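Asks:
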Amino acid sequence: MPEDVLGRVTAIAAPGDAITSPTVSYSYKNTCTQGATNPCLELDTTTRQVSGGTQTVTTQQWFDGQGRVVETKAPGPNLWSKVPKIPSTVITYTLYDTMGRATTKSLPYAISSLAGTGYIAPNLAQARTVTNYDGLGRPLGSVTYQDANTIKLSTSIAYTVAQGLPSFTQNTTLPFERTTTLDAYNHQAVSYTDAIGRQRYNQVFKGNGAPYTVLRTIRYDRDVVGNVYATLTYDATTTLQASQHATYDGVGRKIGMDDSDSGSGWVFSYDQNSNPVSQTDPRSKSVYINYDVLNRPLCKGTTSAAVNPCTASATSTFFYDSYDKNSNPGVTFPTTCTAPSGSYASDPIGAMTAETFSGVAGSGSRCKGYDERGRIDQSGLTVNGDGQTITQTMNMSYNDAGQPTSVVYPDGETVTAQYDSNGYSRSAFFGTPASTDPVNFLVGQVSYTNSGQVAGLAFGGSAAKSSVPAPVFSTTMGYDGIQRPVSSSATNAGGTFWNQNRTYDNVGNVLGVTTTLPTTTGGTQKDVQSFCYDSLNRLVWSGNTGAPSGEDHCGLAPAGTTLATYQQAYTYDALDRLTSGPSGTETYGFAPVHGALTLSTVPGQYASYDAMGNMTCRNVDTTTAHACDASQTGAQLTYDNEGRLETWTAPSGTTASDQYLYDNSGQRVFQHSSSTLAGNTSKTDTITFDGATDVTTTNGVTSTTKYYSVGGQRVAMKKDGVLSYLLPDMLGSTSIALKADGSVQAVQLFAPFGGTRYSDGSMTTPYNYTGQRLDTQTGLLYYNSRYYDAVSGRFTVADNVETNDSGQDAYAYVHGSPETFTDPSGHWRAKNDSCFDCEGGWPEPKPQTNLSSSIPVYAVIAAAALVILAWNIFNWFAPFVFPTGSDSNTPNSRSNHLKTIDTPITGNAPSNVIGVANDVANAHNAFLDRPQTKERIAKDDAANPAKLTKIPTMGKGIIIGSNGQIWPSGGIQGTDRNGHSEQQLVDWASGQLDNIVKKAKKDNSALLPSYTVNIVSDQAPCPDCQDFIPIWSEKLSEKVDGAKVTTIFWYLNPAGKLQQYQP
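For the sequence shown, UniProt numbering assigns the number 1 to the initial residue and increments by one for each residue that follows.
Right, here's the structure in full:
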């Protein structure tokens, strides 16, 4: 890699590119003059679109004197002016106050490219979020503007000192900092922190003004090192209603847990490298995992004997580096997995090449191929079930910028994506670039708003690849002033046949939806819905007729509906449980505390649960024929050792069943269904391949369905070669199916929580409410990690992602707001960072037994973008912070040897901590020592020296950090909320040194005579930190007995240069 005179990388030639025509190039500019007030440090990143071609895209970034990005400019999707032709530029900016806190962050907006190539002063009339702080650096609230003065969203925060908690009898004499948050409707949430800034209580209130009514109080008890060992939820009378207790080992790893929903008696264990090696749940079912010396999982099983070492009894096995069993010699490599060839020849070193999995429904395997840049270019799935074996394989290609350019389906059909000169997706057609014109288009044109959001899609048509075809129909999307979706419509030659508009309230809830939809016989229908919410922003009324009624605020009274009318009220108790929902009144028991037991529309008991909180009996019979009480005559559900639904059996008196098989990421890949009616048994097997294909065999007759997606949304399908289009509503639910000629085939609408309230025609796909798969025999929707019951509006099992608030309903669907949010993963609770009664920060996952499997193309692209960012910052700092680092010359030294951890800072501004992962670097060095690696390196070096790549390794414990008030997050040993990032980075370095010593002992290898640790901050250490630097240095020097450890602290000086701190 070429470097400038300061040692900064100026270009990267990825495998397949020459350094004379690099994949990415960097230009560093310093236009600063004495007394300059505008940012003048610029980094231009130019990415090549086509290998060896001239088409490139350049993004410009400006930094302030502390190295923070303050402005980004990128080419826009549209012309600023057509006559004359003037390109547009999309800009975003961040403003900081004198204390380094982010005060203003803009949404993307467009300007004319003639505005200049340099730094552009922020436009304060554009959409932006402004955050204010008090003198102690605490946020006082935020306001989101859609223009210069119009406020769309706002919150305010106040801090007081409290002596105990009002109306709460425990710890009433202790002093706390009381933080009160109000939204635009004066809904109140209160949290209490102790003297060292740790969360101790949250209180959830009802009302929109004083006097507020306490609904529940959540208490967090911590041990001496800060681990939360008890989370207790009390109702308004301070009676304990729910709890979670945890135990930890000496290094802070969770080894036990009891939970009101997930059950009592969880046990976790780890190996010496902190890899989770076993999990036993309250049902006394266990999962065991074995790892290789590089901390990669080798196998997984239900007994320790099956995995120590790996044996044929393991339920899952994993293979790496090559298409054989060399990495896992104790088990059999899947015979259907072979090395990709031809244009998809693989370079798998360092990556998983194959994996196997098994379950009650059958067994299967996955096989992955990689191009020379480490991108997945071939993915295969084999399933053995019900006496048949089916293998499906897909291939992917990418351009130089990493964007997917083609997907080859298992039947050989190719879909090719086309991009414009600025890298924006413009069309996708059936065929390859070499296909003869004209071609048939999946999407003939993609249009964008000036700020870069998708504004329209034109579907179908036939034309030359470089042309825009006449579409079969087109869709348009509209957005409000802060870029939220507010409209969607579809138009064909006959006019607009679909239109949906939504409105929002002042806190972001959807307040009303108006829909015009077609019928299968011609003409249109109209549906006008209105919604009401309570003070916790939960839906309490919905309807398309009648007077909206709710305790807090409502939309306008609906009028003009021509469909069948409906209205429904919803109520909740103090624990967030839905007590009146889609099927009337719901009641609950005590174990699990949030598991619904009865529905008023079901005479017999609705459900019962096992010790882990999994629904094992489900009854939706509106007669008295079935129940889930002691008789257990409802449908029976069983679960595997990982808590995944594996069988469903129909209620007593009927003969039907389902069995399921999952891969190692927990995704369902196979379903076996059978039913008997009048003595005739029918069997259906469905293999699902990453949402792209379904192979369904019914009584020996096989049918294949292929799905096509745009931007993650399923938009078309071919069943046995017959094309149809799928139109989603604004929640992603499949609402309309169109034939290939654009005529309407089926229409459906859903009520809140997923019940079908209108249908016309026969829907062609099982993908249903919010785009999730409906199993018609069970009546359940598969939400990728668990199953959802639209009858009760609840999941059938507790969320297996842990949050810090046991008061949240682990079975609830999107916190009671189904018209505003969706849950693509089944883990919405884990990613909802705005709920009032959640402890600050992201939830910590439990030790998981789901291991990596197939990765969708979009996930690969997102990960690649993150790595490029890490690589860029890494190389910019490298000359300064790696003066003693070692270099490794190998074409296999890729940017995925970097670890990037995104963490929020005060004011929700982004911050990164970037370092070379110790375990990955060790893996890297191990690969270098392999004979086959050395042989390949020698050949590559001789063939193309320009491929050589330099990466400083982690062998000497070097880390990088960008400052900001870094809160505790995964991978970083956090301290407190005072923003002392040096302390947190020292703790991280300490852990890395521990790992070095452990590995040396494990390998019986010698330690190096010296190690250097570099701590990088964007500010000179604060006075407290200055006093601790000698202590920290001494602490680190004691980590490696017999070796010298040198700790160097760096900071950005006022000139924006890294400078060594001298105490």
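Here a beta-carbon is modelled for each residue, glycine too, at the ideal position from N, C-alpha and C. For clarity, every value in this text was computed on a predicted model and none was experimentally measured.
1) Between the alpha carbons of residue 2 and residue 469, how many angstroms are there, rounded?
2) Roughly how many whole angstroms lie between the Cα atoms of residue 1044 and residue 992?
3) My guess is that residue 794 and residue 596 are in contact by the Cβ rule of under 8 Å, so how many angstroms apart are they, rounded?
4) Under the three-state reduction of DSSP, which class applies to residue 655: helix, strand or coil?
5) Return yes when at least one heavy atom of the ligand PLP lies under 7 Å from the C-beta of residue 380, else no.
6) Smallest Cα separation from residue 202: which of 94, 250, 218 and 733?
7) Under the three-state reduction of DSSP, which class applies to residue 527: helix, strand or coil?
8) Can we say the segment 770-784 touches the segment 537-553, given the rule of at least three CB pairs closer than 8 Å?
9) Use the C-beta contact count for residue 590: other C-beta atoms within 10 angstroms, 16 or more gives buried, fewer gives exposed.
10) Rounded to a whole number of angstroms, what is the C-alpha to C-alpha distance between residue 102 and residue 108?
11) From residue 266 to residue 60, what does the alpha carbon distance come to, in whole angstroms?
12) For residue 246, I'd like the list of residues in its chain whose CB is within less than 6 Å of its CB, leaving aside the five on either flank, ordered along the chain.
13) So, helix, strand or coil for residue 817, using DSSP?
14) Taking C-beta to C-beta, are residue 88 and residue 450 nearer than 8 Å?
15) If you pair each beta-carbon of the segment 123-137 with each one of the segment 74-86, do three or more pairs fall below 8 Å?
16) Report the rounded CA-to-CA distance for residue 1065 versus residue 51, giving the unit in angstroms.
17) Let's test the definition: count the other Cβ atoms within 10 Å of the Cβ of residue 213 and tell me whether it reaches 16, buried, or not, exposed.
18) Specify the secondary structure class of residue 992 as computed by DSSP and reduced to three states.
19) Could I get the ranges of all uninterrupted beta strand (DSSP E) runs contained in the segment 309-361, with 3 residues as the minimum, in chain order?
20) Which residue or residues does DSSP assign as beta-bridge partners of residue 269?
21) Could you tell me if residue 1005 is buried or exposed, where buried requires 16 or more neighbouring beta carbons within 10 angstroms of its beta carbon?
22) If you measure between the beta carbons of residue 318 and residue 299, is that distance less than 8 Å?
23) Comparing C-alpha positions only, which one of 423, 444 and 424 sits nearest to residue 430?
24) Leaving out the 5 sequence neighbours to the left and right, which residues in its chain are closer than 7 Å to residue 930 when beta-carbon positions are compared?
25) Going by alpha carbons, who is nearest to residue 275 out of 364, 286, 284 and 295?
26) On the premise that residue 592 lies in contact with residue 798, defined as a C-beta separation below 8 Å, what is that separation, rounded to the nearest angstrom?
27) I'd like the list of long-range same chain contacts for residue 833, defined as Cβ closer than 6 Å, with 5 residues on each side in sequence excluded.
28) Per DSSP, what are the beta-bridge partners of residue 676 in this structure?
29) What do you reckon, are the CB atoms on residue 485 and residue 529 nearer than 8 Å?
30) Spell out the partners DSSP gives residue 3 in its beta bridges.
31) With a CB to CB cut of under 8 Å and the five nearest residues on each side skipped, what residues in its chain are close to residue 632?
32) In the DSSP assignment, find the alpha helix (DSSP H) that holds residue 307 and state where it starts and stops.
33) Residue 367 and residue 337: beta carbons closer than 8 Å?
34) Smallest Cα separation from residue 460: which of 320, 448 and 441?
35) Quickly, what does DSSP pair residue 290 with across the bridge? List them, please.
36) Which residues in the same chain as residue 308 place their Cβ atom closer than 8 Å to its Cβ, once the five residues preceding and following it in sequence are excluded?
Replies: According to the data block:
1) Going by C-alpha positions, residue 2 is about 45 Å away from residue 469.
2) Roughly 15 Å separates the two Cα atoms.
3) About 6 Å separates the two Cβ atoms, so the contact holds.
4) Look at residue 655 here: in three-state DSSP terms it is strand.
5) The ligand PLP is not part of this structure, which contains no ligands at all.
6) Answer by Cα proximity: 218.
7) Three-state DSSP puts residue 527 in a strand.
8) Under the three-pair Cβ rule at 8 Å, the segment 770-784 does not count as touching the segment 537-553.
9) Classification of residue 590: exposed, given that the 10 Å Cβ count is below 16.
10) Their backbone Cα atoms lie some 17 Å apart in a straight line.
11) Distance between the alpha carbons of residue 266 and residue 60: 51 Å.
12) 229, 254 and 257, listed in sequence order.
13) Three-state DSSP puts residue 817 in coil, outside helix and strand.
14) It is a contact, given that the beta carbons lie within the stated cut-off.
15) Inter-segment contact for the segment 123-137 and the segment 74-86 is absent: fewer than three beta-carbon pairs are separated by less than 8 Å.
16) The structure shown has nothing for residue 1065, since the chain only spans 1 to 1063.
17) With fewer than 16 other Cβ atoms within 10 Å, it is exposed.
18) Three-state result, residue 992: helix.
19) Fully contained in the segment 309-361 are the following beta strand (DSSP E) runs of length 3 or more, in chain order: 316-320 and 352-359.
20) DSSP, once it has assigned bridges, lists 278 as partnering residue 269.
21) Label assigned to residue 1005: exposed.
22) Residue 299 is positioned such that its CB atom lies closer than 8 Å to that of residue 318.
23) In terms of CA proximity to residue 430, 444 leads the group 423, 444 and 424.
24) Caution applies to residue 930, whose pLDDT of 49 falls short of 50 and renders its modelled position unreliable; the value that the coordinates give is listed next. Taken in chain order, the list of residues that qualify is empty.
25) For the residues 364, 286, 284 and 295, the minimum Cα distance to residue 275 belongs to 295.
26) Yes, residue 798 and residue 592 are in contact; Cβ-Cβ is about 6 Å, under 8 Å.
27) At residue 833 the pLDDT is 37, less than 50, meaning the model places this residue with poor confidence and gives no usable figure here.
28) Answer by DSSP bridge pairing, in chain order: 655 and 681.
29) Not closer than 8 Å, so no.
30) Bridge partners of residue 3: 9.
31) Excluding sequence neighbours, residue 632 sits near 608 and 617.
32) Run containing residue 307: 304-307, per the alpha helix (DSSP H) assignment.
33) The answer is yes: Cβ separation under 8 Å.
34) Closest option to residue 460, Cα to Cα, is 441.
35) Bridge partners of residue 290: 299.
36) So the qualifying residues of the chain are 288 and 290.
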